[in-house]
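Asker: Chains as they are written, first to last, in this note's numbering: chain A, 15 to 368; chain B, 15 to 368. Even glycine gets a Cβ: it sits at the ideal position worked out from N, Cα and C.
The structure is reproduced here in C-alpha cells:
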C-alpha cells in the first residue's frame, strides 16, 4: 500500500508539473507536493526559468523542520547552481524527512553529483519511482538532453481527399475538438514553428486561446527571403519571435522585438531545417510544435526531423479546388513506429510516432 | 428484476438471430430462446427462407405442454401463412405459457391480424420490449418493409490523400481489421452489389472469408455493356448472381447460373441506379453492401441512394500515381446525419449515416 500511496502523490505532483509545462524552458517543468500524516500540506510547481523551483515553492508553504514530511517531486532535485541554488541543499535545510521523485535527471550537471547520496548523507530517505505517466511527460526533455535536439511534433489538418485548404480562401474545415486540441498543444509546447508562407496564407495568430483566455507563446518563423513585414497579426500575439532567414537577405526594416537568425541556404532546398531545429534546441526549447503547409511538412518528414505527426482528418472533400496536404517527397508511413487514431466527434486524429 | 431478466433473454435470442443474418431474405433474421425456471432450455434461429422459423426450431427441442415455459423472440411471431404455417398457432399448440418479443413486425400481413390478441385469446401472456440492440438489428428490415427500398451500405477504402488504388495495380493497402470488418459485413448482408469495372480492375472474389471458412453470397453486378465474360473469379464464388445491363445490349453467351435484368439506360448517366436497387428490394433483399469504385460511389451518394457509408482510411499516400476515391459530383458530407470514427489498429473507419 505504501507504493500505491507513493504513486498517488507522485501523480499529484505531476498534475502540478503540468501547470508549468510550456513556460519553463530551458528548464523542465517540475511539480512537487509535500505530504504529512497522509495529507497533502503543500503543492508547488516551477512557473518559469529564473523563478523558484517546484520544491522551493512547495516548501515555502510550511515551516522548516516540520516533522514527518515526505516531499514528492516529479524530477530528481537539482544539486547544482543554476539561476537558483541547488534544491537538495534547500531540502536538507528545510528538514524534510523523505524524498520520493519520478525521473532521474539525465542532465549532465545533475548527473555529475548524486542527489541521492547528498540526501542520504543528511539522513534523508530517498527513493525514485518512474511512473509511465511521468516518463511520458519528460519524453521531450530527456530527448533534448540526450540528443541536443528538440522533440518535433508536426501537425496538419486535411480533408478526406487529402487537401489542407483551398487556394486563396482561409477556409476552416476542422471542428471545435480539433481547435481545442491544437490550442492545448500550443499551450504545452515550448515554441511554435511555422513559415512565412503559412502566415501569409492564413494570417494565423499563433497564440493560445483556451476557455476565453489568451496566452502568448514563443514563435519561430522560417522566412528565407524576409517576406514578412511585421503587419501580420502573429507579431502582435506571439512573444518572443525568431525569424530564420537566408543569409543573403538582410532585414531592411527589422520588425520590432523580433530576433533574426541568418543561415546558409541551399539554392534548391532552402534553409537547412535541421540547423533551424538545432538553433532552437540551443536556445533551450525541448518541445517544438510545427504548424505549416505541405511543402514544409514534406521536407521535415523526408529529412527525418519529425518525432510525432498529428493529423486531423475532417469529413470534407475539396476536389480540384483544394490544395494537397502532400507534396513530394511523399511521406512514407511505412517507416512509422506507431500509428494511433483518436475519434474527435465528426473529425478523427492520427498520432504517428517516427 | 423481471425486466432485467427479460432483457437478458431477449439479448440471448438476438445472439441466435445474428447467426441467420444474411441468409434469410426475404424473411427477417429471427432468434428465439425458451426459458423455464430461469434456465434456457432451448435455442433456435431462422436459417433461411423456407426453413423453420426460429420459434419452431426452438420449440422442437422440448415436449409440448412443458409447463412454465417463456419463449423469447427477437420479432413478433408471425400470424399468417407464408412458406410455413403461422408461428402463433404453433406457440398455442405447443402450450407455451408466456411470450416476450422484441420488435413489432411492420409487415402488413402480420399487422393485419394481432399476434398479441391471438395469443391472449389462448391465455398466453405476451409482452414486447424493444431493446435498442434489437431495433438496430432490424433497421434494414423495417426500412425495407416500410419504404420498399433496401438499406444501402456503401464501403470504400482510401489512403490519406484520398486515393482508392493505383491504376493497373491491384494494390492492397488496408489492414487485417479492415479485411475482417468487410467480410463480417459481407456475411451479414443480404447481397453484395458491385460493378463490372470493379470486377475487371480487381477480379474480386466477393465471397466471405472468415476464420478459414468460405461462404458464397448473392452478388448483383452492374454491367451495362455486358463486358464480363464469366471467366472472372466472382462467378465461381458468388451465388446467385444477377447482372443488370442496358437493354440495348443482349447477352450473346449468357454466363451460366447468372440472371440477367435489362433496364433502360440514360445515355450519360448509365443505368438508373434507383431502379437497380428497387429490383433488388423486390427480389427480397433488405440489406445491400456496395463495394465499387469512385464513379459508382459518386453517383449513389449524389442520388441520395446510400443509407450508410463506410470508409476505411489507411496511413498511406499514393500521390499522382493514385486514383482518386472521389469523382464529381463530390460527396457533400455536410448532409450527413451522423459521422462516427472507429480506430482499427493503424487504420481508421468512418461510419456515416445519411
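For the beta strand (DSSP E) containing residue 212 of chain B, name the first residue and the last one.
Answerer: Stepping through the second chain from its first residue, residue 212 of chain B is reached at position 198. Careful: residue 212 of chain B lies outside any beta strand (DSSP E), inside the alpha helix (DSSP H) at 210 to 216.
Asker: Less than 8 Å between C-beta atoms, sequence neighbours within five positions excluded: which residues of the same chain meet that for residue 169 of chain B?
Answerer: The sequence position of residue 169 of chain B within the second chain is 155, counting from 1. If we look at residue 169 of chain B and ignore the five residues flanking it on each side, its Cβ neighbours are 196, 199, 303, 304, 305, 323, 324, 325 and 326.
Asker: Which residue wins for smallest C-alpha separation from residue 113 of chain B, given the options B:100, B:133, B:124 and B:103?
Answerer: Translated into positions along the second chain, residue 113 of chain B becomes position 99. Nearest to residue 113 of chain B by alpha-carbon distance, out of B:100, B:133, B:124 and B:103, is B:133.
Asker: For a cutoff of 8 Å on Cβ pairs, would you count residue 192 of chain A as touching chain B?
Answerer: Numbered from its first residue, the first chain carries residue 192 of chain A at position 178. Among the residues facing chain B, residue 192 of chain A is not included, as its CB has no counterpart in that chain under 8 Å away.
Asker: I'd like to know whether the C-beta atoms of residue 235 of chain A and residue 213 of chain A end up nearer to each other than 8 Å.
Answerer: Sequence index remark: in the first chain, residue 235 of chain A carries index 221 (1-based). Sequence index remark: in the first chain, residue 213 of chain A carries index 199 (1-based). Cβ atoms of residue 235 of chain A and residue 213 of chain A: closer than 8 Å.
Asker: By DSSP's criteria, residue 367 of chain B is part of a beta bridge. Which residues make up the other side?
Answerer: Here residue 367 of chain B refers to the residue found at position 353 when the second chain is read from its first residue. DSSP, once it has assigned bridges, lists B:322 and B:352 as partnering residue 367 of chain B.
Asker: Using a beta-carbon distance below 8 Å, is residue 185 of chain B in contact with chain A?
Answerer: Here residue 185 of chain B refers to the residue found at position 171 of the second chain. Not a single C-beta of chain A is nearer than 8 Å to the C-beta of residue 185 of chain B.
Asker: Would you identify the three-state DSSP class for residue 398 of chain B, choosing helix, strand or coil?
Answerer: Past the boundaries of the shown model lies residue 398 of chain B; chain B is included only from 15 to 368, so the question cannot be answered.
Asker: For residue 141 of chain B, which beta-bridge partners are listed by DSSP?
Answerer: On the second chain, residue 141 of chain B is found 127 positions in, with the first residue counted as 1. Note: residue 141 of chain B sits in a beta bridge opposite B:114.
Asker: Can you list the residues of chain A that residue 357 of chain B reaches, using a CB-CB cut of under 9 Å?
Answerer: Against the second chain, residue 357 of chain B aligns to sequence position 343. Going along chain A in sequence order, the residues near residue 357 of chain B (Cβ under 9 Å) are 354, 355, 356, 357 and 362.
Asker: Please compile the residues from chain A whose C-beta is within a distance smaller than 7 Å of the C-beta of residue 318 of chain B.
Answerer: For the purposes of this step, residue 318 of chain B is taken as the residue at position 304 of the second chain. Chain A residues near residue 318 of chain B: none, gap ~17 Å exceeds 7 Å.
Asker: Give the secondary structure of residue 128 of chain A by DSSP, where H, G and I count as helix, E and B as strand, and everything else as coil.
Answerer: Residue numbering aside, residue 128 of chain A sits at position 114 when the first chain is read from its first letter. DSSP places residue 128 of chain A in the coil class of the three-state scheme, outside both helix and strand.
Asker: Within 10 angstroms of the Cβ of residue 354 of chain A, are there 16 or more other Cβ atoms? Answer buried if so, exposed if not.
Answerer: Here residue 354 of chain A is taken as the residue at index 340 of the first chain, counted from 1. So residue 354 of chain A ends up on the exposed side.
Asker: When the cut-off is 8 Å and only beta carbons count, does residue 15 of chain A lie next to chain B?
Answerer: What you label residue 15 of chain A is simply residue 1 of the first chain in a count that begins at 1. For residue 15 of chain A, the predicted structure reports a pLDDT of 48, less than 50, and the residue's modelled location is therefore unreliable. A value from the coordinates is still provided. So, not an interface residue.
Asker: So that I know if they touch, is there some Cβ in chain B lying closer than 8 Å to that of residue 168 of chain A?
Answerer: Reading the first chain from its first residue, position 154 is the one you call residue 168 of chain A. Not closer than 8 Å to any Cβ of chain B, the Cβ of residue 168 of chain A fails to qualify, so no.
Asker: Distance check for residue 231 of chain B and residue 15 of chain B, CA to CA, integer angstroms please.
Answerer: By 1-based counting over the second chain, the position of residue 15 of chain B is 1. By 1-based counting over the second chain, the position of residue 231 of chain B is 217. Because the pLDDT of residue 15 of chain B is 48, which lies under 50, any placement of that residue in the model is unreliable, and the question is left without a value.
Asker: Between the C-alpha atoms of residue 272 of chain B and residue 279 of chain B, what's the straight-line distance to the nearest angstrom?
Answerer: One-based indexing of the second chain puts residue 272 of chain B at position 258. One-based indexing of the second chain puts residue 279 of chain B at position 265. Rounded to the nearest angstrom, the two C-alpha atoms are 20 Å apart.
Asker: Give the range of the alpha helix (DSSP H) segment to which residue 288 of chain B is assigned.
Answerer: Taking the second chain and counting its residues from 1, one reaches residue 288 of chain B at position 274. 287 to 297 is the extent of the alpha helix (DSSP H) around residue 288 of chain B.
Asker: I'd like to know whether the C-beta of residue 304 of chain B is nearer than 8 Å to at least one C-beta of chain A.
Answerer: If you number the second chain from 1, residue 304 of chain B lands on position 290. No, its Cβ sits nowhere closer than 8 Å to a Cβ of chain A.
Asker: Look up residue 86 of chain B in the DSSP assignment and give the residues it is bridged to.
Answerer: Within the second chain, the letter at position 72 stands for residue 86 of chain B. Paired residues: B:47 and B:114.
Asker: Cβ of residue 365 of chain B less than 8 Å from any chain A Cβ?
Answerer: Here the question's residue 365 of chain B lines up with position 351 in the second chain. No, because no Cβ of chain A sits closer than 8 Å to the Cβ of residue 365 of chain B.
Asker: What residue range is occupied by the uninterrupted beta strand (DSSP E) comprising residue 251 of chain A?
Answerer: Taking the first chain and counting its residues from 1, one reaches residue 251 of chain A at position 237. No beta strand (DSSP E) contains residue 251 of chain A, which is instead part of the alpha helix (DSSP H) from 248 to 251.
Asker: Can the beta-carbon of residue 30 of chain B be found less than 8 Å from the beta-carbon of residue 59 of chain B?
Answerer: Reading the second chain from its first residue, position 16 is the one you call residue 30 of chain B. Reading the second chain from its first residue, position 45 is the one you call residue 59 of chain B. Taking 8 Å as the Cβ cut-off, residue 30 of chain B and residue 59 of chain B qualify as a contacting pair.
Asker: Got a sec? Which residues, its chain only, sit under 7 Å from residue 20 of chain B by beta carbon, not counting five neighbours each side?
Answerer: Against the second chain, residue 20 of chain B aligns to sequence position 6. Answer for residue 20 of chain B: 114 and 143, listed in chain order.
Asker: Over what stretch of residues does the beta strand (DSSP E) that includes residue 276 of chain B continue unbroken?
Answerer: Here residue 276 of chain B is taken as the residue at index 262 of the second chain, counted from 1. Its beta strand (DSSP E) spans residues 272 to 277.
Asker: Using alpha carbons as the reference points, say which of A:301, A:242 and A:331 lies closest to residue 274 of chain A.
Answerer: Position 260 of the first chain holds residue 274 of chain A. Answer by Cα proximity: A:242.
Asker: Using alpha carbons as the reference points, say which of A:94, A:141 and A:257 lies closest to residue 84 of chain A.
Answerer: The residue you call residue 84 of chain A lines up with position 70 of the first chain. The shortest C-alpha separation from residue 84 of chain A is found at A:141.
Asker: Output yes or no for whether 8 Å exceeds the beta carbon distance between residue 193 of chain B and residue 208 of chain B.
Answerer: Here the question's residue 193 of chain B lines up with position 179 in the second chain. Here the question's residue 208 of chain B lines up with position 194 in the second chain. Contact flag unset, no.
Asker: DSSP has residue 357 of chain B in a bridge; who is on the other side?
Answerer: Here residue 357 of chain B refers to the residue found at position 343 when the second chain is read from its first residue. B:362, per the DSSP bridge assignment.
Asker: CA-CA distance, residue 294 of chain A and residue 164 of chain A?
Answerer: Working through the first chain from its first residue, we reach residue 294 of chain A at position 280. Working through the first chain from its first residue, we reach residue 164 of chain A at position 150. Answer to the nearest angstrom: the Cα atoms are 7 Å apart.
Asker: Given a threshold of 16 other Cβ atoms within 10 Å of its Cβ, counted over all protein chains shown, does residue 88 of chain A qualify as buried or as exposed?
Answerer: Translated into positions along the first chain, residue 88 of chain A becomes position 74. Classification of residue 88 of chain A: buried, given that the 10 Å Cβ count is 16 or more.
Asker: Look up residue 190 of chain B in the DSSP assignment and say whether it is helix, strand or coil.
Answerer: What you label residue 190 of chain B is simply residue 176 of the second chain in a count that begins at 1. Three-state DSSP puts residue 190 of chain B in a helix.
Asker: Who pairs with residue 171 of chain B in a beta bridge, going by DSSP?
Answerer: Position 157 of the second chain, counted from the first residue, corresponds to residue 171 of chain B. Looking at the DSSP assignment, residue 171 of chain B forms a beta bridge with B:326.
Asker: Whole-angstrom Cβ separation of residue 291 of chain B and residue 285 of chain B, contact assumed at under 8 Å?
Answerer: Working through the second chain from its first residue, we reach residue 291 of chain B at position 277. Working through the second chain from its first residue, we reach residue 285 of chain B at position 271. About 11 Å; that fails the 8 Å criterion.
Asker: What is the DSSP secondary structure of residue 15 of chain A, counted as helix, strand or coil?
Answerer: In the first chain, residue 15 of chain A corresponds to position 1, counting from 1. Confidence at residue 15 of chain A is low in this model, with a pLDDT of 48, below 50, so its placement is unreliable and no value can be given for it.
Asker: Within the same chain, show all residues whose beta-carbon is closer than 7 Å to that of residue 176 of chain B, passing over the 5 residues directly before and after it, in chain order.
Answerer: Within the second chain, residue 176 of chain B is the residue found at index 162, counting from 1. 338, 339 and 340.
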